[in-house]
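In this note's numbering, the protein residues as written are 10 to 126. Yeah, the Cβ is synthetic: ideal placement off N, Cα and C, and Gly gets one too.
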């Protein structure tokens with residue numbers, strides 16, 4: 010049986026890593042060993058970042074809702090509790106969009122929430 014050499018697959022694997030490291034500073038984009046470490050680290054950062062993005066957007070939506078609710082004379086937790094009791098099922102993303110774009114509609118939601126409390 011003929012001996013199989015691994016040069017082709019090794020080169021392919023190395024090129025894939027170096028392509029992913031394209032644009033990195035210094036030898037991280039040129040040398041395989043350093044590029045491999047940098048790509049692994051950046052992959053971890055990307056994974057963590059996808060989770061943090063969700064947290065940060067939810068935090069932003071809550072801040073927007075809270076600010077507009079205070080203008081209407083109610084705090085955030087009472088507003089959300091009132092909406093739940095009134096049977097209004099709007100997520101925080103939509104509530105924040107309403108708070109930004111349509112202040113009259115948001116004020117109407119606040120009144121319904123106050124009535125339900």
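Three-state secondary structure assigned by DSSP to residue i
i	result
residue 15	coil
residue 30	coil
residue 118	helix
Exposed unless 16 or more other CB atoms sit within 10 angstroms - verdict on residue i
i	result
residue 109	exposed
residue 11	exposed
residue 118	buried
residue 92	buried
residue 76	exposed
residue 72	exposed
Residue i Cβ short of 7 Å to the ligand GTP heavy atom set
i	result
residue 58	Among the components of this structure there are no ligands whatsoever, and the ligand GTP is therefore not found.
Candidates the options: closest to residue i by CA position
i	options	result
residue 105	126, 67, 48, 27	67
residue 27	45, 14, 34	45
Cut-off 8 Å between Cβ atoms - residues of its own chain near residue i, not counting five sequence neighbours on either side
i	result
residue 95	121, 122, 124, 125
residue 107	99, 114, 115, 118
Own chain partners of residue i with C-beta closer than 7 Å, once the 5 adjacent residues on each side are dropped
i	result
residue 43	36, 37
For the stretch 39-103, list the alpha helix (DSSP H) runs that are entirely contained and at least 4 residues long, ordered along the chain.
-> At a cut-off of 4 residues, the continuous stretches assigned as alpha helix (DSSP H) that sit fully inside the stretch 39-103 are 41-80, 85-95.
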